[in-house]
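The structure under discussion appears below in the form of structure tokens.
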Amino acid sequence: MISRRDFLQVAMATSALYGASGFGNWATLAAQQALTQEDLLKFDTFGNVTLMHITDIHAQLVPHYFREPEINLGVGSAKGNVPHVTGADYRKLYGIADASPNAYALTYDDFAALAKGYGKIGGMDRAATVINSIRAERPDALLLDGGDTWHGSYTCYQTNGQDVVNVMNKLKPDAMTFHWEFTLGQDRVRELVAASPFSMLGQNIFNAEWDEPAEEFKAYEFFERGGVKIAVIGQAFPYMPIANPGWMFPDFSFGIRDQRMQEMVDEVRAEGAELVVCLSHNGFDVDKQMAARVKGIDVILTGHTHDALPEPVLVGETILIASGSHGKFVTRVDLDVRDGRMMGFRTKLIPLFADVIAPDQEVAAAIEAERAPYKAQLEEVIGRTDASSLLYRRGNFNGSWDDLICDALLSEREADIAMSPGVRWGTSVLPDSEITREDLWTVTSMTYPNAYRSEMTGEFIHTIMEDVADNLFNPDPYYQQGGDMV
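Under the working numbering, think of the first position of the sequence shown as 10, with each following residue one higher.
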């Protein structure tokens, strides 16, 4: 008898063959060929359950440019494996033609030149169009938000996240989990969670004083879709007080808590769950290790490390889905669930080319309403790139945005050495373009923004750099906290 894993291996092969690695027939279109919304949305509906995944939006409500990394090193067992593959190697792995739409959306080479042809990407009004199209085919499809949503823009900062909350409510997610949201402060998080019309999940969010599950967040939620009982288990970012200031959320503790994850999987299975989905903000390598340790998870929708992969990664009997960041993509996952088991799947990573996908008018109006009070500030021109300068973030060791920030710190603070937080969020600015205040805020929007000047010994600087390197390149994924070095 064919095993379930054999079924899933066949599904992986089918997914790779279907529409050129799940892209659809537009994957190898040349830049000069017309790309249509129909091309992007075309999908052969499969099975009886549909999931939609979006993650790491970082409050980017409108279309923008975002360059993918040139350097994304893997260590240990991850070396040379996705998602630690970039550029030409990535295109070769997935059969992506040079200068094609996917080359622009998923790799860094010739980004500035391709951006002029393909235009901006993302926008929650475009995401709404894709989501509504999928719902037209599968009215009971689940929309799951992987977190890092209420953070990362000028308007989000000014409204304490309310602008993004209002817009996302129009998209009608079914559940979400968390990371940077907690830097709004625990009182604001509690306020937004209490008012949410959908489920706020985190099996690993605990009361710090009592070391018990935090009552504000459910560990999981059940949904009935396509005649299938689905359990969605939330996994918030596990390293909150290490990566972000603990004084902003002193009542909560986190951690991977994979033993409790196993308990939650066993619990929902005992209650009749036929499909178990983990909505995670662990980061890809952490999720890959967790998938190997925790038995019974069918799908992990991964986030935090901003990886965009056009095919799932299979770990045992669990598939991992990585949907990128900044609202560039929506992933559709169709599943065949029979006799209480996932027997097959079909996926599509859908890039939101803003010049191709029509904006949903209701969501576009909602976005405009949120931005209108800040129009002057958003459009204020504060600089300009020269003809050869692309401003970008992402790359394990530096990005040109961070070079600019560090140069400014050196100049304005009369410092000898400057460091910029190695975060992965922030949009790109093309050469020979205006730099607006909105652009700057996409790379500096923090609720703890102070820059400090202090004396450090060479030994202390060495310790800092070793600590950051250990965080990024530790061969044990459970000791990796994401981000980059700057």
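We put the beta carbon where it would ideally sit given N, CA and C, even for glycine.
- A Cβ-Cβ separation of about 5 Å places ALA331 in contact with THR311 under the 8 Å criterion.
- Given a length threshold of 4 residues, each whole run of the alpha helix (DSSP H) inside the segment 174-259 is given here in chain order: 195-204, 249-252.
- In this structure, the beta-carbon distance from PHE263 to MET273 does not fall below 7 Å.
- A straight-line Cα-Cα distance of about 28 Å links VAL173 and GLU47.
- For GLU221, the closest of ARG266, PHE246, MET185 by C-alpha to C-alpha distance is ARG266.
- Per DSSP, reduced to three states, the secondary structure at LYS304 is coil, with no helix or strand assignment.
- As a beta-bridge residue in DSSP terms, SER289 pairs with GLN244.
- Taking 7 Å as the cut-off, the beta carbon of PHE246 is found no closer than this to the beta carbon of HIS315.
- A contact is defined here as three or more CB-CB pairs under 8 Å, and the segment 84-102 fails this definition with respect to the segment 363-378.
- Restricting attention to alpha helix (DSSP H) runs no shorter than 4 residues, the segment 93-164 encloses them at 96-103, 110-115, 120-127, 133-146, ordered along the chain.
- Taking the Cβ atoms as the reference, GLN489 lies roughly 6 Å from VAL295, within the contact range of under 8 Å.
- Less than 7 Å divides the Cβ of GLY408 from the Cβ of TYR401.
- Comparing C-alpha distances from MET257 to each of GLN244, GLU224, HIS188 shows the shortest one belongs to HIS188.
- The Cβ-Cβ distance between TRP159 and GLU200 does not fall below 7 Å.
- GLY89 sits in coil when the DSSP states are folded into three classes, being neither helix nor strand.
- Distance from the CA of TRP450 to the CA of ALA252, rounded to the nearest whole angstrom, comes to 20 Å.
- Shown here, ARG355 sits in a strand according to DSSP, grouped into three states.
- Taking the C-beta atoms as reference points, PHE338 is found no nearer than 7 Å to ALA363.
- By the C-beta density criterion, ARG234 is buried, having at least 16 other C-beta atoms within 10 angstroms.
- When DSSP reads this structure, PHE362 sits in a beta bridge with ILE130.
- If you compare the alpha carbons of ASN57, PHE52, MET474 with that of GLY349, the shortest gap goes to ASN57.
- Relative to the Cα of VAL303, the nearest Cα in the group ASP275, GLY131, GLU280 belongs to ASP275.
- Its chain contains PRO440 as the residues whose beta carbon lies nearer than 8 Å to that of SER397, once the 5 sequence neighbours on both sides are disregarded; these appear in chain order.
- At a Cβ-Cβ threshold of 7 Å, TYR229 and ILE242 count as neighbours.
- Burial check for ASN81: the Cβ neighbour count within 10 Å reaches 16 or more, so the residue is buried.
- For ARG402, there is no enclosing beta strand (DSSP E), as DSSP marks it with neither H nor E.
- Within the same chain, Cβ atoms closer than 8 Å to the Cβ of LEU387 are found at TYR163, THR164, ARG380, THR445, ARG446, GLU447, the five residues on either side in sequence being excluded.
- Taken in chain order, the whole beta strand (DSSP E) runs of length 3 or more contained in the segment 428-475 are 443-445.
- Separation of ASP134 and LEU361 (C-alpha to C-alpha, rounded to the nearest whole angstrom) is 10 Å.
- In this structure, LEU399 places its C-beta atom within 7 Å of the C-beta atom of ALA121.
- Residue burial annotation: PRO458 is exposed, with fewer than 16 other C-beta atoms found within 10 angstroms of its C-beta.
- In chain order, ASP294, VAL295, GLN298 place their CB closer than 6 Å to the CB of PRO486, counting only its own chain and leaving out the 5 sequence neighbours on each side.
- Under the DSSP assignment, LEU387 falls in the alpha helix (DSSP H) whose first and last residues are 384-388.
- Spatial neighbours of GLU79 in its own chain (CB-CB distance under 7 Å, excluding positions within 5 residues in sequence) are listed in chain order as THR95, GLY96, TYR117, GLY404.
- With contacts defined by Cβ atoms closer than 7 Å, ILE309 and PHE261 do not form a contacting pair.
- Here PHE354 is buried. Its C-beta has 16 or more other C-beta atoms within 10 Å.
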